[in-house]
Structures are given as structure tokens and as C-alpha cells.
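The structure appears below as C-alpha cells.
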Amino acid sequence: MQNIDLLKLVDQGGCSAKLSAEGLAQALAGLPKIVHPNLLVDIETHDDGGVYKLTDDYALIQTTDFFPPVCSGAYDFGQVAAANALSDVYAMGGEVLTAMNLMLFPEDQPLELLAEILRGGHDKVAEAGGVMMGGHTITDAIPKYGLAVTGFVHPDKIITNSHARPGDVLILTKPLGTGIIISAWKNQLVHEDIYRQAVESMKQLNRAGAAIMQQMLVRTATDITGFGLAGHALKMAQASKVSMRFHAKQLPLLDEVLHLIEMGVIPGAAFRNKEFADSQCHFDASIDYNHKMLFFDAQTSGGLLMCVAAEKANAAVKALHRDGYPHAIIIGEVIDKQSHALIIE
Amino acid sequence: MQIIDVKGKACPMPLIETKRALSEAASGEPLHILLDNATSARNVATFLKDNDVEFEQTSTGNEIEIRINANGKSLAEVDEKTWCAPENNNGSYVVLMAKDRIGEGSAELGEALAGAMINTLKVMEPLPQKIIFMNSGVHLVTNGSRVISDLKALQNKGVDMLVCGTCLDYFGKIDALAVGRISNMLDILQAMKDAGKVLNF
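Sequence lines, in order, name chains L and F.
The letter at position 292 of the first sequence is residue 292 when you use this note's numbering, and the numbering goes up by one with no holes.
The letter at position 83 of the second sequence is residue 83 when you use this note's numbering, and the numbering goes up by one with no holes.
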């Protein structure tokens, strides 16, 4: 097969694909609020997916996500996009049941490329224990891929973003910096080893993390994706009516990330996330600009940010290290609501 | 002056090249950044604003120009400030000249001291952010003052000079302003409030 770099097919602007959280919130504000006795989690709290109760001990989680290429290889991209879409099920404490492909593909590109992307997606769904049911493909100038996913969870075990309690400890399971590294890779500013490290991190499922959350009776978590650590933490803090304190020096990072920010590799999405969340963040004067922008870096298929009861926190970190998340670490704690939702020290 | 032409370059190359130029440029050297992508321009502008680098932005057609002036602080100073400074007191200071001399007593001595002080300001590290001239202090910035050349040298190094417009008007010297810019009570109060310290003469 021809060796095509998917990143070369992406819009030259390169300033990433997600609408700003602020714009989206405004646009959604006009929609009618959906109320239904079986709807357990709706869009009201900006959670990761919706949850619909079928019976007293069985609820469906439904979610979808798709985006343009975030890495060069087609098989890698398929896996990353699928892991990212499946992640919303895990962030809600569920298991994957079924998935369907969502594919937009350029007419003038070889179909082998499409097949490789789909193979990546299928392999990830299989790894997640899910069943791929089919999908839909249309043409578009820039390829885009993702999944619509159905998962299940016991209604008493749903993990949302709205029950964080002061005293809970915040644990992040994957290192930050995928947005910065992919941006650097596109511009040939980073070694392939570092790029591979970012791709491997994005490909990793949050499945084992979700299992550990259920063992530790965690009820509040989210996954860190396009709105960055600050954006997703902010949604969680607001939905839970609490504030969160972060220790900037504890943030787990992919190699080279701070060096790249120092060079000026700050993707447009980070500035957009900053615009959205900055007014709710209080940064201690000791935090330098590079660490600040790290909080706003958009992640693809990032880790879980979980609120864990303080007495279980160390056990949770240990279990995460054991189950394939060597970077998992305590990065802060939930505190009573303050004038700022996020306090970074 | 350096021109950084990043037209046609994908995000975040414009920012990377701006940052590189800022850290390599001699302190005070003006930089002109040429862009043709509104998002990139907004990101570069946000970065400069976040780091307290002063700039002006203009656009003609598709081309956007961001000018970092001679009085823009170098990034090295900026970094030092954000790293080391306690909040609200970043080592910055402004000088207030509310008289055309220093101290009471002999007018001759007072004027000589004012001249010596302004001359010495030029070698202070760091320089004041602003010098504010009020009441008879405005005589220092109008034609006939003996410190015009020293003040112009300070202005060229990026020191902002705020001159009380009401005072110039009172002395009939609006047209005789030789250095600095006419300002008002609101801006003057704001400048003094925002300063880490005010040196009051």
C-alpha cells in the first residue's frame, strides 16, 4: 500500500477541529430541555454521554465522537479515533456493547487507506470487548473517522461529572501533551520516538481505568479530551458545584512537552480552551506560562480524571500503575466552592 | 528592525517564529510580524498579551501586521517577571514629578537635583515603566526645559511619559509639549494604582 501521511490531508490551517466550548454552550442554550423518566444523565451537565435506563439494573450509555487525522498512519488513526470514542463509555463507568463506524473520506484517496482506518477501529472495538455493527461513509475533502458507541452500566454505578465532594482526591491516569506533540510532529519539530509515545498513549483504552473506578466506588469522573484538563475539570467542578485545587508541578507529562511549549508549540486549540476557561481559573503567581498552557492543551483520547475518596486514593494509584497506566498520579483535590472553580498552585 | 514573515505557515509556526525572534532580538529592537491567517494572528496576539509584551496590530486586505515596538519588553525580562515576582509587585515602578524641582528651599538647587535625577534614571535597572508629570512638573517636558534630551532618551528606551493635560492647559503650554503624551487624571490614577511602587518627587 502507498505510504500516505494522513496529517498531510488535514486542512493547512492546522488549528484543530472542535468548536469552542463557549460557542457550543450558546448554540445549545436554545434547544428544548429533554425530560424523560428513563433519561438518567442528559446534556444538562455537559457529561461525556447520555444514559438511558432500560430496567432497574440495566442502563444504556450512548455517545459519539469523530475527528480529522491526529496522527500519520491510517491504522494508528483508526485505533486512536476508536479509543477516543469508546472512552466516553469508560468515563461513565460502563462497558462497551456495540459500535458503529462514522467515516468521511476523500474521493481522490486510495480505498486501502480507508480500509486501514477501519481495521484500526475494528481492532480497538474488539479489544474493548464490543461488537462492531456497521456504519456509514460519505465523501468529504478531509478524512474524518470515529464511532457511535453503545455501552451499559448498572444504574446505581453510573459515574457522572456532577458528584465531586470536597475532600475527594483528583487522579489523572494518562500524561498530558498529546495536542502539543502532534502539532510539533506535523511541523517536524519532534523526534519520532516522542511522537510514537504520544500515539501509544492515545491508543490506550480507558477500560482498565474504568474497572478500577468501580472497584474504588468512584462516582465522579470525566475523560480529558478536546477542552483540555482545564476545560473538562471546569465542567466537572461546575456540575458538582465545587472548586478544585491542582498542583501544577504534579501534572504527568509526555517527554519533551515542556521544551516544546517553551519553543512556542502551542496549538490553536489551547488558546481557544484558555479563552473559555481562563476566567474561572486562578493561577498562583509562581506558575509560569508554559505550565499554564499545559492546562489548556487539547488532548485526544486523554486519560480519566477521577474524584476518589481520600482513603482510597493511594490504592487507586497503585492499581492504575499495575494495570498499565504508569503515569497515573494524584494531581489535586476537590475543595468547597470558591470564587474560582479551578485553583492552580 | 526585524521582519518575521510567516504568511502561509500553518499554526503554530507563526507563534514559534515570533517567540524565537523575541528571545533573540536585542532588547528594544522592533519586530514586525506579517501574517495572513486570522486565527494565527489572534493566537500570537493572545500570547503577547499574556506575557505583557506591548504591540500594535493592523490589517490590510488579507495581510495582518503585528508590530512589537521599540518599547516592547524583551521576553527575557517578561519571563523573569512571571517566574520570580510575587503577585501585584513585579518590581515595576513609576515616577511622579508633581513639581519642576526636587524639594523645598533653593529653587536653583531644586532644579539641578531634578535634572540630575532624570539623568540618573537612564541607568536605573529596571527603568521606570512610566514617568508622570503634573502641576509645575509639566515645565520639564515643554520647550525650554533642560532635560528634554534625557527624557527623549528614556522615551526611546520604552519609558512611557504621561503629561497632565489640564496642567499644560493651565500654563498655556499645550503647544510647547516636547516629549511625552498628553494624559488625563483617570489614566494617571490607573498607572499609579497598577504600579508596584510610585517614586514621588
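Every residue, glycine too, gets a C-beta built ideally from N, C-alpha and C.
- For H247 (chain L), the closest C-alpha among the options L:L172, L:M133, L:T55, L:E311 is that of L:L172.
- Cβ-Cβ distances below 8 Å link A195 (chain F) to S92, Y93, V94, Q129, K130 in the same chain, with the five nearest sequence neighbours on each side left out; the list follows chain order.
- For S183 (chain L), the nearest CB of chain F lies under 7 Å from its own CB, placing it at the interface with that chain.
- Following the DSSP letters along the chain, one finds H291 (chain L) inside the alpha helix (DSSP H) bounded by residues 289-296.
- Taking C-alpha positions only, V153 (chain L) is separated from N37 (chain F) by approximately 46 Å.
- Contact annotation for I16 (chain F) against chain L: N187, L189, M263, G264, V265 [CB-CB distance below 8 Å, chain order].
- Among the CB atoms of chain F, one or more fall inside 7 Å of the CB of F271 (chain L).
- Distance from the CA of I16 (chain F) to the CA of R245 (chain L), rounded to the nearest whole angstrom, comes to 31 Å.
- Linking Y58 (chain L) to A99 (chain L) through their CA atoms gives a straight-line distance of about 18 Å.
- At a cut-off of 7 Å between C-beta atoms, K19 (chain F) counts as an interface residue with respect to chain L.
- Boundaries of the alpha helix (DSSP H) harbouring H321 (chain L): 313-322, taken from the DSSP string.
- In this model, Q204 (chain L) and A83 (chain L) are separated by some 7 Å (Cα to Cα).
- Scanning chain L for C-beta atoms nearer than 7 Å to the C-beta of P126 (chain F) yields nothing, as the closest lies near 18 Å away.
- Here D88 (chain L) is buried: its Cβ has 16 or more other Cβ atoms, across all protein chains shown, within 10 Å.
- Nearest to K312 (chain L) by C-alpha distance, out of L:N101, L:M92, L:R219, L:I224, is L:R219.
- Rounded to the nearest whole angstrom, the CA to CA distance from K157 (chain L) to I188 (chain F) is 60 Å.
- Counted as a single uninterrupted DSSP element, the stretch harbouring E107 (chain L) is not any alpha helix (DSSP H), since DSSP gives it neither H nor E.
- Minimum Cα-Cα distance from T64 (chain L) among the listed residues L:D76, L:G324, L:G49, L:D56 corresponds to L:G49.
- At the C-beta level, P143 (chain L) and L54 (chain L) stay beyond 7 Å of one another.
- Residues of chain F with a Cβ closer than 7 Å to the Cβ of Y75 (chain L) do not exist; the shortest Cβ-Cβ separation is about 25 Å.
- According to the DSSP assignment, G134 (chain L) belongs to the beta strand (DSSP E) that extends over 131-139.
- Those residues of the segment 32-48 of chain F placed with their C-beta closer than 9 Å to a C-beta in chain L are N37, T39, S40, R42, N43, T46, F47, ordered along the chain.
- Chain-ordered listing is empty here: chain L has no CB closer than 8 Å to the CB of N62 (chain F), the nearest sitting near 14 Å.
- Around A277 (chain L), the same chain offers A230, G231, L234 as residues with beta carbons nearer than 6 Å, after the five sequence neighbours per side are excluded.
- In terms of CA proximity to M92 (chain L), L:D42 leads the group L:K124, L:H122, L:D42, L:I138.
- Note on geometry: alpha-carbon atoms of G177 (chain L) and A316 (chain L) lie some 23 Å from one another.
- When C-alpha distances from G332 (chain L) are compared across L:A341, L:P326, L:Y325, the shortest belongs to L:A341.
- Contact of M185 (chain F) with chain L is not assigned, every C-beta pair being separated by 7 Å or more.
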